[in-house]
Amino acid sequence: MPKIWPKCTTGYSNKFPPIGLMKLSTYHKQLEYDVVFYKGDLKQFVIERIADRCIVELFNLDSTIDWTLRKDALIDFIRYRKKNFCSNSNYPIPK
Numbered sequence: 005m006p007k008i009w010p011k012c013t014t015g016y017s018n019k020f021p022p023i024g025l026m027k028l029s030t031y032h033k034q035l036e037y038d039v040v041f042y043k044g045d046l047k048q049f050v051i052e053r054i055a056d057r058c059i060v061e062l063f064n065l066d067s068t069i070d071w072t073l074r075k076d077a078l079i080d081f082i083r084y085r086k087k088n089f090c091s092n093s094n095y096p097i098p099k
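Add 4 to a position in the sequence shown, counting from 1, and you land on the number used in our numbering.
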């Protein structure tokens, strides 16, 4: 499993991150970290990363279902921890 080093880039207004931050990311990439730049809400970023990992695990459990279609429901379930997000009539959970 690769090491992850998230870089917070919420404070700059340019299209690109500051050069110092990019140099730090290069250093951590050389140390074999998985560096990801993001701009926005850290909580949403983490939830999306968790959802992506869950989708990979769900594909390993049952590859007959396209779990990427249920990513929004999975993100809502992770965020609010309520089962009613998983029981959507358009995408019922198999039993």
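Note that CB positions come from ideal geometry on N, CA and C, so glycine has one too.
Exercise. Just checking, does the stretch 74–87 make contact with the stretch 48–60 on the three C-beta pairs under 8 Å criterion?
Worked result: yes
Exercise. Of all the options L73, N18 and V50, which has the alpha carbon lying nearest to the alpha carbon of I59?
Worked result: L73
For this session: Look at the alpha carbon of S17 and the alpha carbon of L46, and state the distance between them as a whole number of angstroms.
Result: 17 Å
Problem set entry | Nearest-angstrom Cα separation, counted from V50 out to I82 | 10 Å
For this session: Please name the residue in L35, K43, K33 and Y84 whose C-alpha comes closest to that of K19.
Result: K43
Exercise. Counting along the chain, where does the alpha helix (DSSP H) carrying D56 start and finish?
Worked result: L46 to L65
Exercise. Apart from the five residues just before and just after L62, which ones in its own chain have a Cβ nearer than 8 Å to its Cβ?
Worked result: I69 and W71
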